[in-house]
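What follows is a short report on a single structure.
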């Protein structure tokens, strides 16, 4: 903890504030979202298809709109988009507290997701710009706060849920309201360096996106990394399915332990992992090893055993996924800035997040189909083997890119003028 405080103090005030801000963002979000589906189904009595629609709208409005949030951040400035996102989520969570009809719930869910699309690329671009040559250290520290919010948010939400779900919504909205006020008062304004070649309006946005699409190293890196997001998401899909098969209605406790272990691994081990990797590895190799560890995380689930042995393999899988993700994350964020040529950084982050979201959505359909196929073939090993292979394939792809010219220092994008 002392080391984290010292490292935090070494960054400028804006970067420090955004690290604490990210803790608040995840605290407020995870205070509410894990319990929303149950509230919709049992508190409001919505049909399963309606619950899926509300949750799906939130995911689509966030993942699908990251590209727009990043583009706006590069054109308007980072601070306005961070403030707009926090303010919008404040209103969206307040609406969730009182919404009782499907249209109102859809509006609140869409606003919740779009808010994340507004502030997420802007926050990362701001941290990257403020950290300068210390981006890897900054994003390592950033991830500690990120994971701490994930760890404490559900616990705070559960305590409030014992009183009333509306109180959970109100508390989550209050967190984002406070974040908006604090950042409006204290976050120094920062925006990308002006580019005299940039064209205003929709024509300029189209030109910016042409730069992104034509950035072949960035596109290849995004494709190679897509699998990491699919693997990380399995803590919400494949692992709960496994826990359900082991513990039935008691699976929530097992997954709660797995989530807690996952977050603790990142909080406690992030800085040590990053220091170890910086001393021994270049960025592409650190990312490739992280991907390999994430793939290997699913191998313990191939081991036979009863319920408690199965629970141990769930926790081991979650811990290894967190370890691999913590290892690669700071280098991944730094690499994206390098591949952008330090131009249109928020737009690159937004495009990257949108591509990752699409990969997760499509990949989860495949993972679900694998579980159905495994049941029909009586082959419980099938999903875990395929997921492990995805990690190995992504690591191999990163290794191949490392050997190519992909990770050479990027040039500033060609003119964006039309």
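Residue numbers (the UniProt record's numbering): 1 to 418. Cβ atoms here follow ideal geometry from the backbone N, Cα and C, with glycine treated the same way.
| Query | Result |
| --- | --- |
| Cβ-based burial, residue 384 [other Cβ within 10 Å; buried from 16] | buried |
| Alpha helix (DSSP H) segments (min. 4 residues) lying fully within the segment 91 to 168 | 102 to 131 and 135 to 161 |
| C-alpha distance - residue 414 paired with residue 210, whole-angstrom precision | For residue 414, the predicted model reports a pLDDT of 41, less than 50, meaning its position is unreliable; a value from the coordinates is still stated below. Going from the Cα of residue 414 to the Cα of residue 210 covers about 10 Å. |
| Alpha helix (DSSP H) segments (min. 4 residues) lying fully within the segment 43 to 78 | 48 to 63 and 66 to 76 |
| Nearest residue (CA-CA) to residue 402, options 176, 281 and 364 | 281 |
| Run of the alpha helix (DSSP H) containing residue 22, from where it starts to where it stops | 13 to 32 |
| Among 177, 356 and 263, the one whose alpha carbon lies nearest that of residue 93 | 177 |
| Same chain only: Cβ atoms within 7 Å of residue 73, ignoring 5 sequence neighbours per side | 81, 121, 122, 125 and 346 |
| Collapsed DSSP secondary structure at residue 183 in the structure displayed | helix |
| Buried or exposed (CB count within 10 angstroms, at least 16 for buried), residue 323 | buried |
| Inter-residue spacing [alpha-carbon to alpha-carbon] between residue 212 and residue 256 | 39 Å |
| Nearest-angstrom Cβ-Cβ length linking residue 78 and residue 190, presumed shorter than 8 Å | 5 Å |
| Under the three-state DSSP convention, the category residue 329 falls into | helix |
| Three-state secondary structure assigned by DSSP to residue 249 | helix |
| Cβ neighbour criterion (16 or more within 10 Å) applied to residue 159 | exposed |
| Close Cβ partners of residue 421 (< 6 Å) along its chain, the five nearest in sequence each way excluded | With the chain covering only 1 through 418, there is no way to say anything about residue 421. |
| Buried/exposed call for residue 254, threshold 16 Cβ in 10 Å | buried |
| Cβ-based burial, residue 98 [other Cβ within 10 Å; buried from 16] | exposed |
| Cα-Cα separation, residue 146 to residue 21 | 9 Å |
| Counted within 10 angstroms of its Cβ, other Cβ atoms place residue 1 as buried (16 or more) or exposed | exposed |
| Distance CB(residue 153)-CB(residue 168) smaller than 7 Å | no |
| Rounded Cβ spacing between residue 327 and residue 360 (contact assumed at less than 8 Å) | In fact, because the Cβ distance is near 20 Å, the residues do not count as touching under 8 Å. |
| Euclidean distance between Cα positions of residue 3 and residue 52 | 43 Å |
| Through-space distance from residue 29 to residue 161, alpha-carbon basis | 14 Å |
| Inter-residue Cα distance where the pair is residue 286 and residue 88 | 37 Å |
| Residues near residue 412 by beta carbon distance below 7 Å, same chain, minus five either side | In this prediction, residue 412 has a pLDDT of 41, which is less than 50 and means its spatial position is unreliable; what the coordinates show is noted afterwards. The answer, listed in chain order, is 341 and 343. |
| Backbone secondary structure at residue 416 - three-state DSSP | With a pLDDT of only 38 at residue 416, under the threshold of 50, the placement of this residue in the model should not be trusted; the figure read from the coordinates follows. Reduced to three states, the DSSP call for residue 416 is coil. |
| Residue 127 and residue 18 closer than 7 Å at C-beta | yes |
| C-alpha distance - residue 101 paired with residue 276, whole-angstrom precision | 52 Å |
| Same chain only: Cβ atoms within 6 Å of residue 116, ignoring 5 sequence neighbours per side | 62 |
| Proximity of residue 150 and residue 263 at Cβ, strictly below 7 Å | yes |
| Neighbourhood of residue 14 by C-beta distance below 7 Å, restricted to the same chain and skipping five residues each side | 126, 130, 187, 188 and 190 |
| Inter-residue spacing [alpha-carbon to alpha-carbon] between residue 238 and residue 57 | 21 Å |
| Near the ligand GTP: residue 65 beta-carbon under 6 Å from a heavy atom | Looking for the ligand GTP in the displayed structure turns up nothing, as the structure carries no ligands at all. |
| Same chain, Cβ closer than 6 Å to residue 16, five either side skipped, listed in chain order | 8 |
| CA-to-CA distance, residue 230 to residue 236, given in whole angstroms | 10 Å |
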